[in-house]
Amino acid sequence: MEISRRQALGAGAGMLMTAVAGKALAQDYPNKPVRIIVANPPGSGLDADTRFWAAGLTAALGQSVFVENRPGGATTIGTALAAKASPDGYTLLMGIPSSLCYMSELYTKLPYKPTDFDPISQLTTLRATVVAHPSLPASTASELVALAKSKPGAINAGTVGVGTFQHLLGEWFGALTGTTYKFVPYNTTSPYAALLAGETQVQFDALAASMSNVRAGKLKALAVTGKTRHPLLPNVPTFEELGIRDYDASTWFGLLAPAGTPKPVLDKLASACATVARKPEVAQRYHEYGGEPVGSTPAEFAAYIRAERDKWIPVVKRSGIKLEL
């Protein structure tokens, strides 16, 4: 009994010292530049968004926050690098649904696990849509369903590659509606160039990627995800309005740290993210192309990732896709 009491006292003292050390670290944090690894190339949409948030976090934290691009290997190179970094809050990852929710199901072997990261804060959520070339004889997603059922597999849908967000978004839509499409991967060129040229007829993607072309009349949005219509596209119905239920797809990105990063550091970073997310100019930036800034806590972001995995993993399993790096 005496040994057990000493062990308990020792464990309690150890926990107290760890908590005190963590708080002290957070008070001093950050005392040097913080890097955010982006597993996509410079000039990509995620790169531009990360640089936008890095500037806001620099102001909120009072220390330089910079972006380091590490593209390649279907985002696995940069993601694995971040997973192996020291868990001290000075190397972060800009995470996306593919790397955190379904690549572990798509690929036979990955150089990291989703559990290699501690969530910090979800930064945005972006609505999804299906857009079409103006020549397609369908004006809504329900009309697309009818057309696709009359011509199974005849409608070309562009993607940026097999197993990508665009591809799986289309697979999900097809499974819900009982329709099939011919998915055309554009691994090295923009699928939007093909859609604008009429080589493909539709594309499933985040609304942000096509908003400018939709507003310019070069493409037509057949529906958007979400509970309400988008204020900038009041004539475009939601999928739910059209009777296509449970298609609550969206894309998003958020900050993560290597697993084991002290909680006070995670909380301080999350607080800074929330500060940036509340700024009017940030809300305006994302509202203009179908998104919302979030700025969640680590616990909220962790719960959100779990819920997203529950949505996406069945989509991957139904698709039967298995890839190797």
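Each residue of the sequence shown is one higher than the one before, starting from 145 at the first, in this note's numbering.
Ideal Cβ positions, reconstructed from N, Cα and C, are used throughout, including at glycine.
Where the alpha helix (DSSP H) through residue i begins and ends
{"i": "residue 428", "result": "424 to 431"}
{"i": "residue 357", "result": "351 to 359"}
{"i": "residue 394", "result": "Here residue 394 belongs to no alpha helix (DSSP H); instead the beta strand (DSSP E) covers 394 to 402."}
{"i": "residue 329", "result": "From DSSP, residue 329 is part of no alpha helix (DSSP H) but of the beta strand (DSSP E) over 326 to 329."}
{"i": "residue 248", "result": "247 to 250"}
For residue i, the first and last residue of its enclosing beta strand (DSSP E)
{"i": "residue 297", "result": "Where residue 297 is concerned, there is no enclosing beta strand (DSSP E), given that its DSSP letter is neither H nor E."}
{"i": "residue 319", "result": "Taken as a continuous stretch (DSSP letters only), residue 319 belongs to no beta strand (DSSP E), being part of the alpha helix (DSSP H) at 309 to 321."}
{"i": "residue 115", "result": "What the structure shows of the chain is the stretch from 145 to 469, and residue 115 is not part of that stretch, so it cannot be assessed."}
Between the CA atoms of residue j and residue i - distance to the nearest angstrom
{"i": "residue 290", "j": "residue 269", "result": "30 Å"}
{"i": "residue 273", "j": "residue 363", "result": "12 Å"}
{"i": "residue 188", "j": "residue 230", "result": "27 Å"}
{"i": "residue 448", "j": "residue 416", "result": "19 Å"}
{"i": "residue 360", "j": "residue 253", "result": "43 Å"}
{"i": "residue 375", "j": "residue 365", "result": "14 Å"}
{"i": "residue 145", "j": "residue 172", "result": "A caution first: residue 145 carries a pLDDT of 44, below 50, which makes its placement in the model unreliable, though a value can still be read off. Near 41 Å, if we compare the C-alpha coordinates of residue 172 and residue 145."}
Nearest neighbour of residue i, chosen from the options [CA to CA]
{"i": "residue 241", "options": "406, 396, 457", "result": "396"}
{"i": "residue 453", "options": "190, 244, 283, 310", "result": "244"}
{"i": "residue 340", "options": "377, 313, 300", "result": "300"}
{"i": "residue 176", "options": "367, 197, 209", "result": "209"}
{"i": "residue 178", "options": "171, 274, 371, 205", "result": "205"}
{"i": "residue 221", "options": "207, 239, 282, 313", "result": "239"}
{"i": "residue 465", "options": "426, 247, 435", "result": "247"}
{"i": "residue 197", "options": "467, 432, 267, 251", "result": "267"}
{"i": "residue 317", "options": "389, 234, 445", "result": "389"}
{"i": "residue 474", "options": "213, 264, 180", "result": "The question about residue 474 has no answer, for the chain in this structure spans 145 to 469."}
{"i": "residue 467", "options": "234, 183, 249", "result": "249"}
{"i": "residue 214", "options": "271, 182, 256, 312", "result": "182"}
{"i": "residue 501", "options": "420, 216, 202", "result": "Since the first residue shown for the chain is 145 and the last is 469, residue 501 is missing from the structure and cannot be characterised."}
C-beta neighbour in chain C for residue i, strict 7 Å
{"i": "residue 386", "result": "In summary, chain C is missing from the structure at hand, where a single protein chain is found."}
Quiz item: Are the stretch 324 to 332 and the stretch 304 to 311 touching by the rule of at least three beta carbon pairs closer than 8 Å?
Solution: Between the stretch 324 to 332 and the stretch 304 to 311 there are three or more C-beta pairs closer than 8 Å, enough to call the two in contact.
Quiz item: Using 8 Å as the Cβ pair cut-off and three pairs as the minimum, do the stretch 315 to 325 and the stretch 400 to 416 touch?
Solution: no
Quiz prompt | Completely contained alpha helix (DSSP H) runs for the stretch 172 to 206, where each covers 4 or more residues | solution = Counting only runs of at least 4 residues, the stretch 172 to 206 fully encloses the following alpha helix (DSSP H) elements, listed from N- to C-terminal order: 189 to 205.
Practice problem: Determine, using beta-carbon pairs with one atom in the stretch 350 to 359 and one in the stretch 430 to 437, whether at least three such pairs fall under 8 Å. | Solution: With the cut-off at 8 Å, the stretch 350 to 359 and the stretch 430 to 437 touch.
Exercise. Within the stretch 258 to 284, note down every full beta strand (DSSP E) run reaching 3 residues or more, in order along the chain.
Key: Counting whole runs of 3 or more residues, the stretch 258 to 284 contains the beta strand (DSSP E) stretches 261 to 276.
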